[in-house]
Every structure is written in C-alpha cells, then in structure tokens.
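The opening position of the sequence shown corresponds to residue 17 in my numbering, with each subsequent residue numbered one higher.
Note that CB positions come from ideal geometry on N, CA and C, so glycine has one too.
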Amino acid sequence: MSTKPVIGTDKRLTERQDLWWLEPLLVAVVLTSFVIYTIWAVLQRSDFHFGPYTSPFYSIPFTSAEKLEWLPFSPAFLVIWIPIGFRATCYYFRRNMYRAFFWDPPACWVAEPKRSYSGERKFPFVLNNLHRYFWYLAVFALFFHIYEAGKAFFFEDGFGMGLGTLIMLLDVTFLSLYIFSCHSWRHLAGGCLNCFSKHKGRYTLWQRISQLNEQHGLWFWLSLMTVWVTDIYIRLLSKGILTDVRFF
Ligand code: FES
C-alpha cells in the first residue's frame, strides 16, 4: 500500500459537500480547552479536596496531596504524567490529533496540505511506541482512583453518599472502560497466538476486550469528560460556590 499522502490537485481540499470540518474543529476546541484547564488546575495546588472527595488530578499513591505541600512543585506533577502519556499515545487519540491539529489529513477523502509523510518513526512521534508501557502505569494509577472513589463514601459523620461520590464512581467506571478497551491490552490478551483453539481462556478474554474496544472512542471521551467534571465539582465545593447534595 502506498504511504504517499493524498494531495489536493487544485485549490480545493475536497469535493465533499458535508460538514467534514466540524468533527476536527470540535475535537481541537475540546482538547485544547481540556489541556488549558488541566495545566491551570495542576498549577493551582489548592481546592483539590473537599470532605471525602479528592480530585483525580491529585490522586496520589500511598499518601495524600495535602501532606505534600512542602514540595517545591505541585504534587499533581507526581502522577499527571501517567494519564498524559497514556492518552497522548492512545491510538484513538492519535487519529484525532493528526486530523484536528495537523490536518494529516483532516477527514476521509480530504486532501492534506502537507507534502511529505514520515510515519511515526521520528522524534517525538516515535515515543508513541511506549503506549503499552503507559497502559501498565495507567492500570496502576486506576487502583488509586478506585481507592479515592471508595473513600468518597466516608464522610465526617459516617458512611454516606453524595453527588460527589456518584461523580467519582462514574469517573472510575468510564476510566476503567477506557483502559480495558485499549488496543494494546487487546493485543496483550490475544496477540502473538498461532492457534486460538489452544488458548481458550485468552481467546475468550480477547473476544470480550474486542467488544469493549468497538466503543473505545466513546470511552475516551466519557472518561475525559468525567475527570474534568469531577475536578470542577470538587473545586466548586471547596471554594464554597456549590453545596454538595447528600443522598444519605
Ligand atoms: Fe487508546 Fe490504548 S489505544 S488507550
């Protein structure tokens, strides 16, 4: 198969009449907003905690971010590189990144302005090959998100459940679906096998992951949105702008 890019032969990029530009535009706006918000939230070093809730940006293994105030930098930096590395090297994210930010190409049957293509063999794109290792780290980090979601049931006045608990549970659920629908995990489970019938367990696992994997893009967006909403909700509670809703 040729690796040469489709290049427009006249002034038009495409003959498509539909709104092909809408998806890359929305992706660019949402991802840019998320990145700007994340940088801001990480640099804040405050309002990441309220009652039993802790923002996922500050979900730090073995200790709490409040105990790390002595650090000369935001404690969020200790963990934030894991989800950043994991998402930035995700196959689904890469498709969106190339379309929305590099127009490489921006959509199907649309010519790309670039005239050369070097694949992902050069720095920094060659780092995408680290995705599998970021997957291991993401699973490790997920346990601490689950721990934080569990803690969100234990209020000062005892066991209970608030809107924050529900949001944190949703966050952990979508994050789990995102992590366990990963293409690398699918390959780990069922790749490099010559004969599925001799590895029934791995084949069944591979089939389940394949079902989840069909919606990988959806889990990507839902987990991104819930992590964002969780941080905003806890921040607004901490600032006294919102009052938590307690169900029991
Ligand atoms: Fe998207 Fe692995 S391919 S998280």
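| Check | Outcome |
| --- | --- |
| Would you say the beta carbon of residue 203 is closer than 7 Å to some non-hydrogen atom of ligand 1? | no |
| Would you give the residue range spanned by the alpha helix (DSSP H) that residue 31 belongs to? | No alpha helix (DSSP H) holds residue 31; DSSP gives it neither H nor E. |
| Of the choices 256, 136, 248, 49, whose alpha-carbon is the least far from that of residue 187? | 248 |
| Are there any heavy atoms of ligand 1 lying less than 7 Å away from the beta-carbon of residue 151, as far as the coordinates show? | yes |
| Please classify residue 211: is it buried, with 16 or more other beta-carbons within 10 angstroms of its beta-carbon, or exposed? | exposed |
| CA-CA distance, residue 108 and residue 83? | 36 Å |
| Using a 10 Å radius around the Cβ and a threshold of 16 neighbouring Cβ atoms, would you call residue 105 buried or exposed? | buried |
| May I ask you to check if the CB of residue 102 is nearer than 7 Å to at least one heavy atom of ligand 1? | yes |
| CB of residue 208 to nearest heavy atom of ligand 1: below 7 Å? | no |
| Write down the C-beta distance between residue 101 and residue 146 rounded to the nearest angstrom, noting that I regard them as a contact closer than 8 Å. | 7 Å |
| Looking only at its own chain, which residues have a Cβ that is under 6 Å from the Cβ of residue 43, when we skip the five neighbours before and after it? | 112, 116 |
| Quick check on residue 32: buried or exposed, where buried means 16 or more other Cβ atoms within 10 Å of its Cβ? | exposed |
| Does the distance from the CB of residue 98 to the CB of residue 153 come in under 8 Å? | yes |
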